[in-house]
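In my numbering, the protein residues as written are 464 to 813. Every residue gets a Cβ at the ideal spot worked out from N, C-alpha and C, and that includes glycine. A quick note: this is a predicted structure, and the numbers were derived from the prediction, not measured.
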DNA sequence: TACTCGTGGAC
DNA sequence: TGTCCAAGAGT
């Protein structure tokens with residue numbers, strides 16, 4: 464038990480990867496503590512998202528809103544626009560709710576314990592454990608995809624996920640460090656991200672190879688077992704991209720709940736097997752030859768694109784116009800940006 | 001428990 | 001190209 468913990472901490476002392484929100488082990492030993500705001504932001508952004516994708520967004524957010532008070536007083540639309548492209552937009556909505564709760568219900572100070580953190584929106588079991596361990600050195604046990612994989616292999620446990628989560632949590636608890644909880648949490652996740660990887664684990668340089676049951680059995684590539692997932696259906700939709708004579712674009716803020724909730728986008732039909740026309744204006748729409756293709760977590764989308772120019776006095780039945788000078792395609796979710804790219808050439812303002 | 005909820009990179 | 005996958009949470 465302790466042997467593995469210490470081996471991982473020794474490995475982490477040398478191989479910890481530098482990240483903007485991370486306090487490196489030497490600095491932590493010297494008494495430096497991470498900024499809880501930066502840690503919280505990073506952990507929410509890292510949910511189902513790679514470090515490479517998060518870096519630029521973390522930098523943007525800490526520049527625009529350097530602390531939780533600044534974020535709490537930000538405009539919702541600005542935060543959603545800044546999150547555009549990162550995905551899982553409920554995270555951004557919950558981020559704002561949590562920031563405001565921290566400011567208005569916790570006096571601007573982040574809760575320290577797992578039990579208090581998990582009450583905040585967007586903070587679940589993993590993130591509560593990660594923040595309490597990394598930011599506050601509470602001895603919480605993190606169990607993310609990395610740790611699940613490391614534990615499945617360490618104990619050569621072929622129980623399929625997600626049912627195996629509770630068992631893997633029991634394994635993980637055995638090794639959690641009481642002396643250096645923050646470093647340990649990051650060490651075991653770094654190991655999973657860089658050495659104990661899903662497809663090509665580098666067992667030859669693994670600091671706990673001698674303790675690893677699946678290395679002994681040669682079953683690394685079979686683990687962790689997962690229950691097979693259902694195939695993705697293909698749905699179709701139509702996006703309506705219109706400009707007024709003065710160049711303004713017709714956009715729509717999507718409802719809070721559901722796909723791309725709270726994000727700016729083009730008015731569209733429902734995305735279904737056979738979409739029903741839902742044009743925002745009774746003008747003559749022109750359909751492009753090309754379609755935007757996009758894959759979400761649980762379905763493929765073929766998005767047809769129709770364009771139109773609208774008169775100066777147009778009053779569409781939904782959406783709102785955004786002036787050409789104000790419109791910024793980078794504040795759109797990716798699927799909407801794809802549609803825009805297709806339509807832009809035929810809607811050039813002269 | 002099972003489904004919803006994005007995106008981009010690796011292979 | 002299609003599939004898998006990445007520091008999951010909410011319902």
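Per the Cβ contact rule, the region 524 to 534 is in contact with the region 500 to 510 (3 or more Cβ pairs under 8 Å). Apart from the 5 residues on each side of it in sequence, residue 812 sits with its Cβ closer than 8 Å to the Cβ of 706, 710, 787 in its chain, given in chain order. In this structure, residue 708 sits near residue 775, with a CB-CB distance shorter than 8 Å. Counting only runs of 4+ residues, the alpha helix (DSSP H) found wholly inside the region 518 to 564 occupies 531 to 535, 539 to 546, in chain order.
DSSP places residue 714 within a strand segment (E or B) once states are collapsed to three. When secondary structure is reduced to three states using DSSP, residue 672 falls in the helix class.
DSSP assignment within the region 749 to 812 yields the following whole alpha helix (DSSP H) runs of 4 residues or more, N-terminal first: 797 to 807. Where residue 703 is concerned, the enclosing beta strand (DSSP E) starts and stops at 697 to 707. Close CB contacts of residue 779 within its chain, under the 7 Å cut and outside five residues either way in sequence, are with 713, 743, 744 (chain order). The criterion of a C-beta distance shorter than 8 Å is satisfied by residue 584 and residue 561. Separation of residue 570 and residue 538 (C-alpha to C-alpha, rounded to the nearest whole angstrom) is 20 Å.
Note on residue 611: 16 or more other CB atoms within 10 angstroms of its CB, so buried under the neighbour-count rule. Less than 8 Å divides the Cβ of residue 795 from the Cβ of residue 728. As the crow flies, the alpha-carbon of residue 467 is around 10 Å from that of residue 637. CA-CA distance, residue 629 to residue 675, rounds to 20 Å.
Of the residues assessed, residue 655 falls on the buried side of the cut-off, its CB having 16 or more other CB atoms within 10 angstroms. Taking the Cα of residue 504 as reference, the smallest distance to any Cα among 670, 666, 773, 483 is reached at 483.
In this structure, the beta-carbon distance from residue 556 to residue 510 does not fall below 8 Å. For residue 631, the closest C-alpha among the options 619, 762, 735, 690 is that of 619.
Ranking 770, 766, 731 by CA distance to the CA of residue 746 puts 770 first.
In the three-state reduction of the DSSP assignment, residue 516 falls in the helix class, which pools H, G and I. Put simply, the backbone Cα of residue 547 is about 18 Å away from that of residue 731.
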